[in-house]
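J.: In our numbering, the protein residues as written are 10 to 291. Glycine included, C-beta positions come from ideal geometry on N, C-alpha and C. The structure presented is a predicted model; accordingly, all values stated were derived computationally and were not measured.
(1) Closer than 6 Å by C-beta to residue 28: which residues in its own chain qualify, once you throw out the five before and the five after it? Chain order, please.
(2) Taking Cβ positions, are residue 180 and residue 227 nearer each other than 8 Å?
(3) Kindly list the residues whose CB is nearer than 6 Å to the CB of residue 250, restricted to its own chain and excluding five residues on each side of it in sequence; keep chain order.
(4) I'd like to know whether the C-beta atoms of residue 6 and residue 182 end up nearer to each other than 8 Å.
(5) Looking at residue 16 and residue 237, is the spacing between their C-beta atoms short of 8 Å?
(6) How far does the alpha helix (DSSP H) with residue 44 in it extend, from its first residue to its last?
(7) To the nearest angstrom, how far is it from the Cα of residue 264 to the Cα of residue 122?
(8) So what's residue 85 in DSSP terms, helix, strand or just coil?
(9) Which one of 151, 160 and 261 has the shortest CA to CA distance from residue 252?
(10) Could you check the C-alpha separation between residue 56 and residue 24 for me, to the nearest Å?
(11) CB-CB under 6 Å to residue 159, same chain, minus the five flanking residues each way: which ones, in chain order?
(12) From residue 195 to residue 185, what does the alpha carbon distance come to, in whole angstroms?
(13) Are three or more beta carbon pairs between the segment 207 to 215 and the segment 274 to 286 nearer than 8 Å?
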């Protein structure tokens with residue numbers, strides 16, 4: 010079973026939806042039978058509402074589940090209430106990103122394409138601070154909290170059970186000067202250090218790569234349990250989109266494969282980064 014509260018909440022939602030679909034009933038029909046609203050059942054199945062142990066008892070009696078299944082679901086509901094380490098930083102991390110971090114911490118595969126900035130899991134403290142400060146809407150205290158969370162997230166790449174991580178970064182992100190040239194030298198050195206980790210593969214999509222799938226930045230997460238489907242994550246300034254359907258995952262996988270084919274090999278990518286690093290040192 011996945012370990013973070015977010016992953017447990019997602020697994021609980023998935024299991025509750027599976028039970029209802031096996032009964033061939035709609036959310037409205039289940040709600041009517043239990044004297045609930047259909048929207049309450051829907052919220053349980055989408056993870057947008059807290060599920061109480063008493064709700065689990067009622068649903069399991071209605072669906073006729075085994076005692077083991079009932080206890081498993083109640084355990085998921087209890088553990089989903091536990092706060093993750095990243096949530097103690099308060100307003101520095103928006104709620105929609107809290108959800109992502111919880112899922113990221115449990116991923117077994119990680120695929121990311123970044124076309125504008127260096128991937129967050131490779132950023133230095135100075136680079137991340139500059140990006141957050143430029144946002145303009147965050148207080149200095151919130152910037153500090155957000156950067157601290159970003160730095161702590163990076164530990165996942167060097168864990169003994171680190172996810173199999175594949176990054177594709179557009180050359181423009183390497184040449185776009187964030188802060189100053191000194192900061193960028195430090196940042197490129199960090200990228201090279203991260204690329205040497207055994208769990209990490211890095212490719213650069215160079216300016217002369219030719220045609221490739223134009224998608225904008227995105228991340229794909231895969232999970233060890235077959236019951237936890239892969240998902241695609243895309244974020245913006247004020248919110249994020251989570252795409253979990255097979256069609257979405259299939260098309261983004263196809264796009265990532267296209268980007269991977271167009272990008273430089275890992276070895277040539279390293280050489281390109283080293284050449285840009287020399288330019289910043291001049």
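T.: In terms of the structure at hand:
(1) Excluding residues within five positions, the ones whose Cβ falls inside 6 Å are 72.
(2) Not in contact: residue 180 and residue 227 (Cβ atoms no closer than 8 Å).
(3) Apart from the 5 residues on each side of it in sequence, residue 250 sits with its Cβ closer than 6 Å to the Cβ of 243 in its chain, given in chain order.
(4) Residue 6 lies beyond the range of the chain shown here (10 to 291); nothing can be said about it.
(5) Their beta carbons are under 8 Å apart, which means residue 237 touches residue 16 by this criterion.
(6) Where residue 44 is concerned, there is no enclosing alpha helix (DSSP H), because DSSP gives it neither an H nor an E.
(7) Between residue 264 and residue 122, the C-alpha separation is close to 10 Å.
(8) In the three-state reduction of the DSSP assignment, residue 85 falls in the helix class, which pools H, G and I.
(9) 261 is the residue among 151, 160 and 261 whose C-alpha sits nearest the C-alpha of residue 252.
(10) Computed Cα separation, rounded: 11 Å.
(11) The answer, listed in chain order, is 129 and 137.
(12) Per the coordinates, the alpha-carbon of residue 195 lies some 14 Å from the alpha-carbon of residue 185.
(13) Touching, per the Cβ criterion.
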